[in-house]
Amino acid sequence: MPTEPLRCAGALIVDDGVELAPHRFTGLVAPAVERAFVAGMFAGHDGGGAELSQRYGGPAATGFLVEFRTRLAVPGGTVDRAGFAAVNRYRDPATCQRALDKQIAHGMIARQPDGGLTATERGVDFLAELYQVHAEVTEELWAGHDDRVHRLVEAYGRVLAYAVLLAGEPEAEPGPAFAAMAPPYEPDGIPSGVLLLNRLGTLRYHRADAHAAAWTAAGHTAISVGELPDGPERRAIELETDRRAAGPYSTLTADERLGVLADLAALPG
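Residue numbers (full-length UniProt numbering): 1 to 269.
Encoded structure:
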């Protein structure tokens, strides 16, 4: 028979005697975050997002607006060059620049003298409509799970706020992708489904920065780590990623971490 979990110094000792400490939890929750986020984003594409994009010129005009929506929807929000490069660290830089130039030519994004990017008035209009699409599709996708969504919104609000706080500490490691996306734009009246979608999406970049720091410390590049086969070296990088990404989750209690896992697993998508 399963035994009651034991609690010790903020970590959870599960039945098999293994602690679900923040660094262990981080590795478990990452795929659950990815699944929920991708479900919401793909539902948005099929639930009106594709049609919306076509009205504004298609993916060639809107792609980076969708990706940077949590920052560029902010009035006056800017993504700097370092943030843009970090978010696209696994893509060919020349290809990214050509795609960006097209979106600037479409009048959706403007390039500032220092190389930073902002949404044009037309771009802001697109993002306002995109937020509405995401509100409609997440409401439908996660219908009947209101309590679960609200719990996750609250938990990830605290995790995200703590991640932002930690990123501002003097000894914090650079996290340019997360800095480019956080905190997400959350205007008054934004529905819970959009809050959850964007909070999950923003935290993904915190882990992305942690992963980049881990493979850099191991002597890899964005190209070489992508070619690394399964094995001890890749596993070591993943464990180091978990360690570096764990900090924000320490703001949750052991029970709350288990609750987050359960709620994410139960979300449709």
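Cβ atoms here follow ideal geometry from the backbone N, Cα and C, with glycine treated the same way.
Predicted, not measured: the structure shown is a model, and the values here were computed from it.
Legend entry - Under the three-state DSSP convention, the category residue 89 falls into: coil
Legend entry - Option nearest residue 58 by Cα separation, candidates 115, 103 and 83: Closest option to residue 58, Cα to Cα, is 103.
Inset, instruction - Answer yes or no: do residue 33 and residue 131 have a C-beta to C-beta separation smaller than 8 Å? - result: no
Inset, instruction - Just mark residue 217 as buried or exposed, buried being the case when its beta carbon has 16 or more other beta carbons within 10 Å. - result: Its Cβ having fewer than 16 others within 10 Å, residue 217 is exposed.
Inset, instruction - Can you tell me which of the three DSSP states residue 119 falls into? - result: It is a strand residue.
Legend entry - Own chain, CB closer than 6 Å to residue 205, minus 5 neighbours either side, in chain order: 177, 178 and 181
Legend entry - DSSP three-state assignment for residue 254, whether helix, strand or coil: helix
Legend entry - Cβ-based neighbour list, residue 28, same chain, cut-off 8 Å, excluding 5 preceding and 5 following: 20 and 261
Legend entry - Buried or exposed by the 16-neighbour rule on C-beta atoms within 10 Å, applied to residue 242: buried
Legend entry - Nearest neighbour of residue 167, chosen from 154, 199, 183 and 155 [CA to CA]: 183
Inset, instruction - Kindly indicate which three-state DSSP category residue 7 falls into: helix, strand or coil? - result: Only weak support is given to the placement of residue 7: the predicted model assigns it a pLDDT of 36, under 50, and the value that follows is read from those uncertain coordinates. Three-state result, residue 7: strand.
Legend entry - Run of the alpha helix (DSSP H) containing residue 60, from where it starts to where it stops: 59-67
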